[in-house]
Each structure stands twice: as C-alpha cells, then as structure tokens.
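Participant: For the sequence shown, the residue numbers in UniProt numbering are 1 to 269. Attaching a single structure in structure tokens format; questions to follow.
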Amino acid sequence: MTEARGVPDDAQEAAAAANAAAEELPYGKGWPERHTGPVVRRRGQVQTGTTDQRLLDSHGPSDWVHGDPWRVMRIQSEFVEGFGALAELGPAVSVFGSARTPADSPEYEAGVRIGRALTEAGFAVITGGGPGAMEAANKGALEAGGVSVGLGIELPFEQGLNPYVDIGVNFRYFFVRKTMFVKYARGFVVLPGGFGTLDELFEALTLVQTKKVTRFPIVLFGTEYWGGLVQWIRGSLIAEGKASAADLELFHVTDDVDDAVERVTKESA
1 MTEARGVPDD AQEAAAAANA AAEELPYGKG WPERHTGPVV RRRGQVQTGT
51 TDQRLLDSHG PSDWVHGDPW RVMRIQSEFV EGFGALAELG PAVSVFGSAR
101 TPADSPEYEA GVRIGRALTE AGFAVITGGG PGAMEAANKG ALEAGGVSVG
151 LGIELPFEQG LNPYVDIGVN FRYFFVRKTM FVKYARGFVV LPGGFGTLDE
201 LFEALTLVQT KKVTRFPIVL FGTEYWGGLV QWIRGSLIAE GKASAADLEL
251 FHVTDDVDDA VERVTKESA
C-alpha cells in the first residue's frame, strides 16, 4: 500500500466516494470531517487514525527526528535545561581561555588565581567546562570553596567536563551555550585563547556596543598576548572608521590578577 501526503490510497478512495455522494446533499451536509485538536479537516484532507494512534505506533517512519521542527524542540529543551540549572546560581563571572593551555604554564596558574580571587570576591565562576584555561579557573573556584560551573559543548572530538566542575550542562548548539554565558554572568575575564575564545569575546563586545547588555565589564588578561589585537583594532578598525575611539573603552587589558578581578566585579556591582 502506497501513501500520498500521509494518507493511504484506500482511505483517499473512500473519501472521494463519500465526497461524490455528498454532492447531492445541501451545503455542509455529509462532508467527511475530522477534528484534530484545534484543526478541522474536510473532504480529501481527512487523515486516517488519531494523533494518539500515530504517537504510539512504534512501526512508523523515524526520519522526523532529523527534521527542523524536531530541532526546534531540541533547541527549546536546551534553553529550558540551561535556565533551570543556572537560575539560582547567584552573581557569577564567565572566564574564557584556550583548552590547549598547558597545566604547567603561567597562563594556567593565572587562571587558577583568577578563579580563586573571583570566588573570594563572592562570585561563582562559569567556564566552557573543558581543559586548559577553563579547567584552571574552575580549579581555583573549587579550591576556594566557590561554585564552579562548566558549560560544555558537543564537538567532533570528545572533550568532556573537567573534574573541577560542580554544576555542568552540556549543549548541542553554540548559540544556546553563549546565551547562558552572558545571561548568568555579570562580566567576562578572557585569558589567552584561540578561535573559540575570540568568538566569545567579540560576541560580548558586540552585545555591549549595541547595548543589548549593559554594565558588562570585559577584561582581557595578558597584555603581550592581546596587544597585537588591540593595536589592530586601533590602527585598522578605528583608523578606517569601522569603529569609534570610544569602543576601546568596552574592554580593559591587564596583567594583574587583582586588577582584573577588581575591574570585573566593581563595574558589575
């Protein structure tokens, strides 16, 4: 038995016969009609079976799990899970940095110190939950007795949450994850990192510049690492009129942990 638009051929033939018989009746009398929730289907649009029947039919097609309507539900569920997990978190700061930062490097140690100092200042620490600089900030927060949060992401290679995470949420979609970074943080501290770190940094700068978020301090830690980027912003973006000189005030660059923490916590108060 073949189907067209989800309706079996024999059902279509029966509906057509009923339609032909109804032609002789007054308007509105005798038309095949089915109420499916708020939807009314008549004549050839009537579908066989019920919604419950189709739901419970384990032998039906499964390609719907790869369709856009189902993706919308997955996206919605990720927002719900993220909001539910973090709604009672309290004041927090997001710390970004490279997953490739070695554990024996000065950058890793700076991340630990930043995580510890943020906790001592009364803030939870949110990271991407991975290794490297993210692990360092989570470690500092955990060792200081604070709340250590990791927002992981599905990647082609397995990464997983680092062992210093107290509250972990894994996401399929980058844009949902980035919403959580901003919604539940009062500022960003950005350690040296790669494309992912730059993505998070420039999204935050765009949100502040366009006033989508207000009173949102952004601190870049590592003057040598970030110096070239700042010079390019000043010498290219601003010099060519692609940004204004005032946009340099959207972020602060430092090598001092105390200065970084004071700046991000004071401005977010």
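From the three backbone atoms N, C-alpha and C, an ideal C-beta is built for every residue, glycine too. Since the model is a prediction, treat every value here as computed from it, not as a measurement.
So what does DSSP say about GLU78, is it helix, strand or coil?
Facilitator: Of the three classes helix, strand and coil, the one that applies to GLU78 here is helix, per DSSP.
Participant: Would you grab the beta carbon distance between HIS252 and ARG234 for me? Rounded to a whole angstrom, and I think it's under 8 Å.
Facilitator: The Cβ separation is near 15 Å, so there is no contact.
Participant: Which residues in the same chain have their Cβ closer than 6 Å to the Cβ of GLN159, if we skip the five residues on either side of it in sequence?
Facilitator: Taken in chain order, the residues that qualify are GLY130.
Participant: Out of PHE221, VAL213, LEU229, ASN138, which one is the CA nearest neighbour of LEU151?
Facilitator: Residue ASN138 is the option with its Cα nearest to LEU151.
Participant: Could I get the ranges of all uninterrupted alpha helix (DSSP H) runs contained in the region 83-149, with 4 residues as the minimum, in chain order?
Facilitator: Segments of the alpha helix (DSSP H) lying fully in the region 83-149: 106-120, 133-143.
Participant: Please state the DSSP three-state secondary structure of VAL230.
Facilitator: Note: VAL230 maps to helix in three-state DSSP.
Participant: Output needed for SER148: all residues of its chain with C-beta closer than 7 Å, excluding positions within five of it in sequence on either side, in chain order.
Facilitator: Only VAL125, ASN138, ALA141, LEU142, TYR164, VAL165, ASP166 meet the Cβ criterion.
Participant: Taking only three categories from DSSP, how would you classify PRO26?
Facilitator: Because PRO26 carries a pLDDT of 49, less than 50, the predicted location of this residue cannot be relied on, and no value is offered for it.
Participant: Which residue's Cα is closest to the Cα of ALA144: GLY122, GLU267, THR127?
Facilitator: Of GLY122, GLU267, THR127, the residue nearest in Cα terms is GLY122.
Participant: List the whole-angstrom C-beta distance separating VAL208 from LEU250, where the pair is believed to meet the contact cut-off of C-beta under 8 Å.
Facilitator: So it is a contact: roughly 5 Å between Cβ atoms.
Participant: Please state whether the Cβ-Cβ distance between GLY222 and VAL93 is less than 8 Å.
Facilitator: Not closer than 8 Å, so no.
Participant: Which of the three DSSP states is assigned to GLY235 in this structure?
Facilitator: Helix, per DSSP.
Participant: Can you give me the Cβ contacts of ARG41 inside the same chain, cut-off strictly under 6 Å, excluding the 5 residues immediately before and after it?
Facilitator: Cβ neighbours of ARG41 beyond the five flanking positions: ARG34.
Participant: With a threshold of 8 Å, are at least 3 pairs of Cβ atoms found where one atom belongs to the region 101-118 and the other to the region 166-176?
Facilitator: As far as the Cβ criterion goes, the region 101-118 does not touch the region 166-176, which means the pair count is below three.
Participant: Checking 8 Å against the spacing of the C-beta atoms, do LEU248 and TYR184 come in under that value?
Facilitator: The answer is no: Cβ separation not under 8 Å.
Participant: Taking 7 Å as the limit between beta carbons, can you name the residues of its chain near VAL257, skipping five residues before and five after?
Facilitator: So the list reads ALA110, ARG113, ILE114, ALA117, once near-sequence residues are dropped.
Participant: Count the other C-beta atoms from every protein chain shown that fall within 10 angstroms of the C-beta of LYS178, then say buried if there are 16 or more, exposed otherwise.
Facilitator: Answer is buried; the Cβ neighbour count reaches 16.
Participant: In its own chain, which residues sit with a C-beta less than 8 Å from the C-beta of ALA85, not counting the 5 before and 5 after it?
Facilitator: If we look at ALA85 and ignore the five residues flanking it on each side, its Cβ neighbours are ILE167, VAL169.
Participant: In or out: SER98 buried (at least 16 other Cβ within 10 Å) or exposed?
Facilitator: By the 10 Å Cβ count, SER98 comes out buried.
Participant: Excluding the 5 residues preceding and the 5 following LYS242 in the sequence, name in chain order all residues of the same chain whose CB lies nearer than 8 Å to its CB.
Facilitator: SER236.
Participant: Using the C-alpha atoms, what's the distance from GLU224 back to LEU205?
Facilitator: Rounded to the nearest angstrom, the two C-alpha atoms are 20 Å apart.
Participant: Does the beta-carbon distance from TYR173 to GLU267 come in below 8 Å?
Facilitator: No, they are not a contact pair.
Participant: Take ALA245 and list the residues in its own chain whose beta-carbon comes closer than 7 Å to its own, dropping the five residues that flank it on each side.
Facilitator: Closer than 7 Å at the Cβ level, and outside the excluded window around ALA245, lie ILE238.
Participant: Using the C-alpha atoms, what's the distance from PHE171 back to TRP70?
Facilitator: Roughly 16 Å separates the two Cα atoms.
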